[in-house]
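Engineer: Before I ask anything, let me first share the structure, which is written out below as structure tokens.
Protein chains: 2
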Amino acid sequence: MPKKAAADAPLLLGNQLCFAVYSTAHAFNRVYKPLLDRLGLTYPQYLVMLVLWERDSLSVKEIGERLFLDSGTLTPLLKRLESAHLVKRTRSAEDERQVLVGLTTQGAGLREKARTIVPPAILAATGCSVAELTALQKNLVALRESLNSAAGEG
Amino acid sequence: MPKKAAADAPLLLGNQLCFAVYSTAHAFNRVYKPLLDRLGLTYPQYLVMLVLWERDSLSVKEIGERLFLDSGTLTPLLKRLESAHLVKRTRSAEDERQVLVGLTTQGAGLREKARTIVPPAILAATGCSVAELTALQKNLVALRESLNSAAGEG
DNA sequence: GACAATTATATTGCACACAATTTAATTGCG
DNA sequence: CGCAATTAAATTGTGTGCAATATAATTGTC
């Protein structure tokens, strides 16, 4: 029944787009992995370092808000970064519920090495122009906002 | 040094795009989860079922090629689908290295339920027009191809 | 036709990701 | 003030992902 299949096609677009996003995320990871191996980081660890390089000394919650991750993911990840001597974790004096995460000298120093290794290789691997990347990124952020608000209303 | 920062901006686009993809994938997952819970599936399990609903009886390798997943991921996933009585796994008679994965009656029957529950909700949650979704999906697939070929040459 | 190389799964180990629960600290309300 | 409600991390359990390795079957080659 081709008529029914045709009527379903637009409905299936959401599925196809999600798979495109999901599989592109994996493809990105495959490009990042050999680069990040040279820094001794995984991709989520690299994201945390990017956040801290931008603004040092944040609570676990603040890191989580920026990366859309919760303490169940961040706590063990931060412990690994701590045992790699890249960050230190200290209870806040003002609010002892909070754990403040700060860069060590070594963690701050990794920034320059990361800057030379990662962004140029990633940009090249996308095979896209700056204009294309900008447009795609903007569309994805808008999509993410829609999805997050839809999920929030549940 | 604003000059240096400005020079870095285009380089950082790759990073920003990757994070947009990565965080959009998570956002999609948050939308899918309550829907797929009603089917008793995770998102990767749903992907496998979509593949099998499209073409029944595929080897693990063939499923992996369609979804960009390897046996390390698929073997335990398929075992879970098997213990949920949605698929059956049988060694191929012609080539005993291969395991053929086929739908059970129950697995085939789940298709209709999935069709009514998932695609309409996903399409609505994206908040995008069909034209926007089509364009975005096409751009992502092109990006994925670039990334995969870059990773392959690595 | 034996045997090395290749191929298809399976297994192991590590690192996310998130739901659900727990613990401890802080806030808010009467 | 005192206690309930809230909040921040940590913990537990399940399910991916993937690298590396293991195992078994098939293919290619001499």
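Protein sequences appear in the order of chains A and B. Residue numbering for the first sequence follows this note's numbering, starting at 1 and increasing by one per position. Residue numbering for the second sequence follows this note's numbering, starting at 1001 and increasing by one per position. Where a beta carbon is used, it is the ideal one built from N, C-alpha and C, also for glycine. Since we're looking at a predicted model, the values are computed, not measured.
1) Taking just the CA atoms, how far does K1113(B) sit from R1144(B)?
2) Can you say whether I122(A) is buried or exposed, counting buried as having 16 or more other CB atoms within 10 angstroms of its CB?
3) By Cβ distance, which residues of its chain are closer than 8 Å to T1075(B), with the 5 residues on each side in sequence left out?
4) What does the alpha-carbon distance come out to for the pair L966(B) and Q1045(B)?
5) Classify T42(A) as helix, strand or coil using the three-state DSSP reduction.
6) How is G127(A) classed by DSSP in three states: helix, strand or coil?
7) Would you kindly report the start and end of the unbroken alpha helix (DSSP H) that includes R1089(B)?
8) Beta strand (DSSP E) containing L1069(B): first to last residue?
9) Does the beta carbon of L1136(B) sit closer than 7 Å to a beta carbon anywhere in chain A?
10) Out of curiosity, what's the CA-to-CA distance linking G154(A) and Q137(A)?
11) Around the C-beta of G107(A), are 16 or more other C-beta atoms found within 10 angstroms, so that it is buried, or is it exposed?
12) Return the residue from the list L110(A), R89(A), S71(A), L103(A) that minimises the CA-CA distance to D37(A).
13) Under 8 Å Cβ-Cβ, which residues of chain A neighbour I1122(B)?
14) Could you tell me the distance, in whole angstroms, from the CA atom of S129(A) to the CA atom of L1069(B)?
Structural biologist: In this structure, then:
1) Reading the second sequence from its first residue, position 144 is the one you call residue 1144(B). Reading the second sequence from its first residue, position 113 is the one you call residue 1113(B). Between R1144(B) and K1113(B), the C-alpha separation is close to 31 Å.
2) Taking the first residue of the first sequence as 1, we reach residue 122(A) at position 122. Burial of I122(A) is indicated by the presence of at least 16 other C-beta atoms within 10 angstroms of its C-beta.
3) As a working mapping, residue 1075(B) is identified with position 75 in the second sequence. Cβ contact annotation for T1075(B) (same chain, cutoff 8 Å, sequence separation greater than five): V1060, in chain order.
4) Past the edges of chain B, shown from 1001 to 1154, lies residue 966(B), and the structure says nothing about it.
5) Position 42 of the first sequence, counted from the first residue, corresponds to residue 42(A). Secondary structure at T42(A): coil, using DSSP grouped into helix, strand and coil.
6) Taking the first residue of the first sequence as position 1, residue 127(A) is located at position 127. G127(A) carries a coil assignment under DSSP once its states are collapsed to helix, strand and coil.
7) Indexing the second sequence from 1 puts residue 1089(B) at position 89. Here R1089(B) belongs to no alpha helix (DSSP H); instead the beta strand (DSSP E) covers 1087 to 1091.
8) Within the second sequence, the letter at position 69 stands for residue 1069(B). For L1069(B), there is no enclosing beta strand (DSSP E), as DSSP gives it neither H nor E.
9) Here the question's residue 1136(B) lines up with position 136 in the second sequence. So, interface residue.
10) The count along the first sequence starts at 1 and reaches residue 154(A) at position 154. The count along the first sequence starts at 1 and reaches residue 137(A) at position 137. Its pLDDT being 45, under 50, G154(A) is placed unreliably in this model, and the value from its coordinates should be taken loosely. When rounded, the separation of the alpha-carbon atoms in G154(A) and Q137(A) is 25 Å.
11) As a working mapping, residue 107(A) is identified with position 107 in the first sequence. By the Cβ-count criterion, G107(A) is buried, with 16 or more other Cβ atoms from all chains shown falling within 10 Å of its own Cβ.
12) Residue 37(A) sits at position 37 when you count from the first residue of the first sequence. Per the Cα distances, L110(A).
13) The residue you call residue 1122(B) lines up with position 122 of the second sequence. Neighbours of I1122(B) on chain A, chain order: G14, N15, C18.
14) To locate residue 129(A), count along the first sequence from 1; it is residue 129. To locate residue 1069(B), count along the second sequence from 1; it is residue 69. About 29 Å.
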